[in-house]
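To keep things clear, I will list the structure first and then write my remarks on it.
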Amino acid sequence: MWNKGRNLQENNRGSLSPDGQNIGVRDPRLLKDDLWHTHVDYEICLQTNSMCFRKKSSCVRRRYSEFVWLRHSLEQNALIMELPKLPPWNPFFSLKNAEQVVQRMKGFQEFLESVLQRPFLLSDSRLHLFLQSDLSITRMSRCALGKTKYTVAEAIQRSSSGYVSGLVDKATCDSDCESSSSSGLGLSVDTQVRGSPVLFLGS
1 MWNKGRNLQE NNRGSLSPDG QNIGVRDPRL LKDDLWHTHV DYEICLQTNS
51 MCFRKKSSCV RRRYSEFVWL RHSLEQNALI MELPKLPPWN PFFSLKNAEQ
101 VVQRMKGFQE FLESVLQRPF LLSDSRLHLF LQSDLSITRM SRCALGKTKY
151 TVAEAIQRSS SGYVSGLVDK ATCDSDCESS SSSGLGLSVD TQVRGSPVLF
201 LGS
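Residue numbers are given in UniProt numbering: position 11 of the sequence shown equals residue 11, and the series is strictly consecutive.
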């Protein structure tokens, strides 16, 4: 079922692109928040030679609402610069629909590729936290403002070790909707604790 999606992402592996970086969105995964709510997250893998990034290779998992948050955050910093659009939010999105999944991953990837081509946006610490840490929306926002016990560099360097997670308390889950616009202009409530994987038949 996922051959088309896998082939799409395989093209991003290997040698870096002429601009010295590759980014890929792959491996959609259904997670259970609670008895009634689920969400889908995706693996984002970055390879880069850019001096702007602390890690030259990294992989994190992000969900739709976190992409919405990133776009809104970058828009605040971009002033009059027009930002790329996100794939439209679909209330009937399903992992059973391979075409929907592939199109959403493609849209996410095109959004990130466009963002990485804009040098002005590379100075935004929220972009770096989104791409190279496992912090939630609330923690990324607070870290970028210097309101956490750890710095942006520490969050990125130690995110995979669980060090940062040990510095903050756990909180509750959220819904996976953007607030008002499929272009990603709205903010959504954050997920502090990511759900547990759900075995999805047919995936």
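Virtual Cβ for every residue (Gly too), placed ideally from N, Cα, C.
Inset, instruction - Taking all protein chains shown into account, decide if Phe92 is buried (16 or more other Cβ within 10 angstroms of its Cβ) or exposed. - result: For the purposes of this step, residue 92 is taken as the residue at position 92 of the sequence shown. Exposure of Phe92 is indicated by the presence of fewer than 16 other C-beta atoms within 10 angstroms of its C-beta.
Legend entry - Continuous alpha helix (DSSP H) stretch holding Leu70: start and end: Taking the first residue of the sequence shown as position 1, residue 70 is located at position 70. Start and end: 64 to 78.
Inset, instruction - Note the first and the last residue of the continuous alpha helix (DSSP H) segment covering Gln100. - result: Here residue 100 is taken as the residue at index 100 of the sequence shown, counted from 1. Looking at the DSSP string, the run of the alpha helix (DSSP H) that includes Gln100 is 98 to 116.
Inset, instruction - Check Leu83 in the structure and name its three-state DSSP category. - result: Locating residue 83 in the sequence shown gives position 83, counting from the first residue. Residue state, collapsed to three classes: coil.
Inset, instruction - Using DSSP bridges, identify the partner residues of Gln21. - result: What you label residue 21 is simply residue 21 of the sequence shown in a count that begins at 1. Answer by DSSP bridge pairing, in chain order: Thr48.
Legend entry - Arg62 vs Asp33 beta-carbon contact at 9 Å: Here residue 62 refers to the residue found at position 62 of the sequence shown. Here residue 33 refers to the residue found at position 33 of the sequence shown. No, they are not a contact pair.
Inset, instruction - Quick one: give me the first and last residue of the alpha helix (DSSP H) that His37 is part of. - result: Position 37 of the sequence shown holds residue 37. Where His37 is concerned, there is no enclosing alpha helix (DSSP H), given that its DSSP letter is neither H nor E.
Inset, instruction - Report the rounded CA-to-CA distance for Pro119 versus Leu95, giving the unit in angstroms. - result: Counting from one through the sequence shown, the residue named residue 119 turns up at place 119. Counting from one through the sequence shown, the residue named residue 95 turns up at place 95. C-alpha separation (whole angstroms): 34 Å.
Legend entry - Pairwise C-alpha distance: Lys55 and Arg139: Taking the sequence shown and counting its residues from 1, one reaches residue 139 at position 139. Taking the sequence shown and counting its residues from 1, one reaches residue 55 at position 55. Going by the C-alpha atoms only, they are around 20 Å apart.
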